[in-house]
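As they're listed, the protein sequences go chains H and A.
Each residue of the first sequence is one higher than the one before, counting from 0 in numbering that gives the first Met the number 0.
Each residue of the second sequence is one higher than the one before, counting from 0 in numbering that gives the first Met the number 0.
We treat Cβ as the ideally placed atom computed from N, Cα and C, and that holds for glycine.
Read through the structure below, which is laid out as structure tokens, and then see the notes.
Number of protein chains: 2
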Amino acid sequence: MVPDPVTEPEADTGLVTGDEARLSAIPSLAKSLHGELLARLRDYIVEGNLAAGARVPERILCERFGISRTPLREALKVLASEGLIELLPNRGARVRQLGAEELVDLFDVMGGLEALAGRLACEKITAAAYDEIERLHHEMYGCYMRRDLHGYFACNQAIHDRIVQAADNEPLRTSYANFAGRLRRVRYSANLDENRDRWGEAMREHEEILDALRRRAGTELSDILFGHLRNKRRAAAGRETACPPDAAAGVAS
Amino acid sequence: MVPDPVTEPEADTGLVTGDEARLSAIPSLAKSLHGELLARLRDYIVEGNLAAGARVPERILCERFGISRTPLREALKVLASEGLIELLPNRGARVRQLGAEELVDLFDVMGGLEALAGRLACEKITAAAYDEIERLHHEMYGCYMRRDLHGYFACNQAIHDRIVQAADNEPLRTSYANFAGRLRRVRYSANLDENRDRWGEAMREHEEILDALRRRAGTELSDILFGHLRNKRRAAAGRETACPPDAAAGVAS
DNA sequence: GGACGAAAAATTGCATTCATTTTTTGCGAG
DNA sequence: CTCGCAAAAAATGAATGCAATTTTTCGTCC
Numbered sequence: 000m001v002p003d004p005v006t007e008p009e010a011d012t013g014l015v016t017g018d019e020a021r022l023s024a025i026p027s028l029a030k031s032l033h034g035e036l037l038a039r040l041r042d043y044i045v046e047g048n049l050a051a052g053a054r055v056p057e058r059i060l061c062e063r064f065g066i067s068r069t070p071l072r073e074a075l076k077v078l079a080s081e082g083l084i085e086l087l088p089n090r091g092a093r094v095r096q097l098g099a100e101e102l103v104d105l106f107d108v109m110g111g112l113e114a115l116a117g118r119l120a121c122e123k124i125t126a127a128a129y130d131e132i133e134r135l136h137h138e139m140y141g142c143y144m145r146r147d148l149h150g151y152f153a154c155n156q157a158i159h160d161r162i163v164q165a166a167d168n169e170p171l172r173t174s175y176a177n178f179a180g181r182l183r184r185v186r187y188s189a190n191l192d193e194n195r196d197r198w199g200e201a202m203r204e205h206e207e208i209l210d211a212l213r214r215r216a217g218t219e220l221s222d223i224l225f226g227h228l229r230n231k232r233r234a235a236a237g238r239e240t241a242c243p244p245d246a247a248a249g250v251a252s
Numbered sequence: 000m001v002p003d004p005v006t007e008p009e010a011d012t013g014l015v016t017g018d019e020a021r022l023s024a025i026p027s028l029a030k031s032l033h034g035e036l037l038a039r040l041r042d043y044i045v046e047g048n049l050a051a052g053a054r055v056p057e058r059i060l061c062e063r064f065g066i067s068r069t070p071l072r073e074a075l076k077v078l079a080s081e082g083l084i085e086l087l088p089n090r091g092a093r094v095r096q097l098g099a100e101e102l103v104d105l106f107d108v109m110g111g112l113e114a115l116a117g118r119l120a121c122e123k124i125t126a127a128a129y130d131e132i133e134r135l136h137h138e139m140y141g142c143y144m145r146r147d148l149h150g151y152f153a154c155n156q157a158i159h160d161r162i163v164q165a166a167d168n169e170p171l172r173t174s175y176a177n178f179a180g181r182l183r184r185v186r187y188s189a190n191l192d193e194n195r196d197r198w199g200e201a202m203r204e205h206e207e208i209l210d211a212l213r214r215r216a217g218t219e220l221s222d223i224l225f226g227h228l229r230n231k232r233r234a235a236a237g238r239e240t241a242c243p244p245d246a247a248a249g250v251a252s
């Protein structure tokens, strides 16, 4: 089940909304050893090193991370509260696998959070931050024109991330990072490669996003963003299989 | 400020969205001993038995709950990830006190979540569930007319809770319960007693809420709910002092 | 050959123990 | 009397140990 036990746990997938956000959001966990382990273990699971509904072997992980069971179990409890794993009484932890229905629910929550972020961003964003988003948008458009999928994803992710940052709301950032992390386990990127219609649609939606943000039209941006996530969800449907233990995915549309 | 300081700390404010929701949301924690302790400790803190920024004494709590330090520390880690307490390296846990800015942020997130709940509820609510909300609304109106503050709070809370339930989205429920729990530590209820204008305004907003819900106008309801929370936030401002260790508050407007 | 059941092995949950850091206490100097 | 510093006391973070439950294994019976 584990494809390559020799792979080091901290393979970087280039996702911006990862642990930095989570760690910076709660400074108390930033430098503690426990926080470190928590982040590493979370990555280990999110990156798919453990099979879908598989058991989380304490002993093995203890050896792998070079720690005792006590801090590991503490981390497991936290990951369970985050919804990443499931704790069965006297039966240990299992990697929680997302069914189609829960995946849909998670997308909706992401949509709600992005909608909120957009609304708040319209109230608080600085001119400089807006300019940066506009720049990213044009860069993304360039990627779209030359069919650079990877670059497009990166820009897209960066834009959504900047909007959340611009909302300037730490609880929101933390929650957003949490849900984004849960969705990272599913692979639904690269759909645009086969679904050019969706790609064009997404690009048009981003035009609307930028326009609403420029006009600081919070309510409007809120609706657009929620719809945007809904469409992303729709595009991802059918491909909502839980992530096989081979690779992580980017959150993009 | 507070009309009745003699109120017992665990005065039931009609808050349905408490631990039952949290527990039922994550079934793995429902019946385990750890889950039990987690809920108890959370209540213990939320109800204000510990001072604002005070240290969380492990020893004392171990004796109080009749357990060892290991499970207690596990629970503390989880509560820290929920944002209820703060973990300082080598310095133990402290009850996180909400500054004015973070309180505002939390209100906004609650607004975003309620907005999302309203949107989803319009898509999924059953006729029976709507009827129940309508009934509660009229009951609340009755309370309003006869100036029954307590009954009004209970109905108000029940309505918002039903909307979240109607959204039929478990991650949303869990997140909502989490943020509601964090806000429970601040006391901003009973403001309506001195602020009759706000009371009337809130009642009018609830009329709009019901109307939008009846028409299943998701986007509209979403906006109304966010604005409703914004106004609640405004009404609570100035009273955002951290909760002294004597009483809990109800989440109502 | 497959199924049932008991014993062995492993695993979980929690308590206890140990090293390290922090906090308090106590004493002496200014 | 106050300040500073060193030692004692307490508390934290993590490791180990132990009882209880679960999972696996292996032998037996049908």
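Check: Shorter than 8 Å from the beta carbon of Asp160(H) to some beta carbon of chain A?; Outcome: no
Check: Buried or exposed for Leu105(H), please, with buried defined as at least 16 other CB atoms from any protein chain shown within 10 angstroms of its CB.; Outcome: buried
Check: Is there a Cβ from chain H that is less than 8 Å from the Cβ of Lys76(A)?; Outcome: yes
Check: Just to confirm the assignment, what range does the beta strand (DSSP E) spanning Ala92(H) have?; Outcome: Gly91 to Val94
Check: Pick helix, strand or coil for Val55(A), following the three-state DSSP scheme.; Outcome: strand
Check: How far does the alpha helix (DSSP H) with Leu97(A) in it reach, from first residue to last?; Outcome: Careful: Leu97(A) lies outside any alpha helix (DSSP H) and carries neither H nor E.
Check: Count the other C-beta atoms from every protein chain shown that fall within 10 angstroms of the C-beta of Phe152(A), then say buried if there are 16 or more, exposed otherwise.; Outcome: buried
Check: Run through DSSP, which three-state label would Ile124(A) get?; Outcome: coil
Check: Helix, strand or coil, according to DSSP, for Glu81(H) in the structure here?; Outcome: helix
Check: Compare the C-beta of Ala236(H) against all C-beta atoms of chain A and say whether one is closer than 8 Å.; Outcome: no
Check: Whether or not the stretch 90-98 of chain A and the stretch 210-229 of chain A are in contact is what I'm after, with contact meaning three or more pairs of Cβ atoms, one per stretch, closer than 8 Å; do they touch?; Outcome: no
Check: Within 8 Å (strictly less), CB to CB, does Ala248(H) reach chain A?; Outcome: Residue placement at Ala248(H) is poorly supported in this model, since its pLDDT is 42, which falls under 50; the coordinates are not used for a value here.
Check: Throw me the rounded Cβ distance for the Leu182(H) and Ile158(H) pair, which I believe falls under 8 Å.; Outcome: Not really, about 17 Å apart at Cβ, beyond 8 Å.
Check: Looking only at its chain, what residues have a beta carbon closer than 6 Å to the beta carbon of Arg21(H), apart from the 5 residues adjacent to it on each side?; Outcome: Residue placement at Arg21(H) cannot be trusted, given a pLDDT of 47 that sits under 50; the coordinates are not used to answer.
Check: Are the C-beta atoms of His33(A) and some chain H residue less than 8 Å apart?; Outcome: yes
Check: Run through DSSP, which three-state label would Leu22(H) get?; Outcome: Here Leu22(H) scores only 42 on pLDDT, less than 50, and its place in the model should not be relied on; the value that follows carries that caveat. In this structure, Leu22(H) counts as helix in the three-state DSSP scheme.
Check: Between the alpha carbons of Asn155(H) and Glu57(A), how many angstroms are there, rounded?; Outcome: 46 Å
Check: Where do the N-terminal and C-terminal ends of the alpha helix (DSSP H) with Glu219(A) fall, by residue?; Outcome: Gly217 to Ala235
Check: Output the boundary residues of the alpha helix (DSSP H) element that contains Ile158(A).; Outcome: Leu148 to Ala166
Check: I'd like to know whether the C-beta atoms of Ala139(H) and His205(H) end up nearer to each other than 8 Å.; Outcome: Checking the sequence shown, residue 139(H) turns out to be Met, not Ala. In this structure, His205(H) lies closer than 8 Å to Met139(H) by Cβ.
Check: Quick check on the burial criterion: 16 or more other C-beta atoms within 10 angstroms. Buried or exposed for Glu81(H)?; Outcome: buried
Check: Quick one: using the 10 Å Cβ neighbour count with 16 as the cut-off for buried, is Thr173(A) buried or exposed?; Outcome: buried
Check: By the three-class DSSP mapping on this structure, what secondary structure does Leu86(A) have?; Outcome: strand
Check: Please go through the same chain and pick out, in chain order, the residues whose beta-carbon is closer than 7 Å to the beta-carbon of Arg229(H), but skip the five residues on each side of it.; Outcome: Gly110
Check: Among Ala38(A), Glu113(A), Ala201(A) and Leu49(A), which residue has its Cα nearest to the Cα of Glu73(A)?; Outcome: Ala38(A)
Check: Of all the CB atoms in chain A, is at least one closer than 8 Å to the CB of Asp104(H)?; Outcome: yes
Check: Comparing alpha-carbon positions, which option in Ala79(H), Ser221(H), Ala50(H) and Trp198(H) lies nearest Arg145(H)?; Outcome: Trp198(H)
Check: Take Met202(A) and list the residues in its own chain whose beta-carbon comes closer than 6 Å to its own, dropping the five residues that flank it on each side.; Outcome: Tyr143
Check: Quick one: is Pro88(A) buried, meaning 16 or more other Cβ sit within 10 Å of its Cβ, or exposed?; Outcome: exposed
Check: Short check: CB of Ala179(A) to CB of Ala120(A), under 8 Å?; Outcome: no
Check: Within the same chain, show all residues whose beta-carbon is closer than 6 Å to that of Arg232(A), passing over the 5 residues directly before and after it, in chain order.; Outcome: Phe106
Check: If we call anything under 8 Å between Cβ atoms a contact, is Val55(A) one with Leu75(A)?; Outcome: yes
Check: Phe64(H) to Gly47(A), Cα distance in whole Å?; Outcome: 38 Å
Check: Using a beta-carbon distance cut-off of less than 9 Å, what residues from the stretch 113-144 of chain H approach chain A?; Outcome: Ala114, Leu115, Ala116, Arg118 and Leu119
Check: When you compare the CB positions of Glu207(A) and Ile223(A), do they come within less than 8 Å of one another, or not?; Outcome: yes
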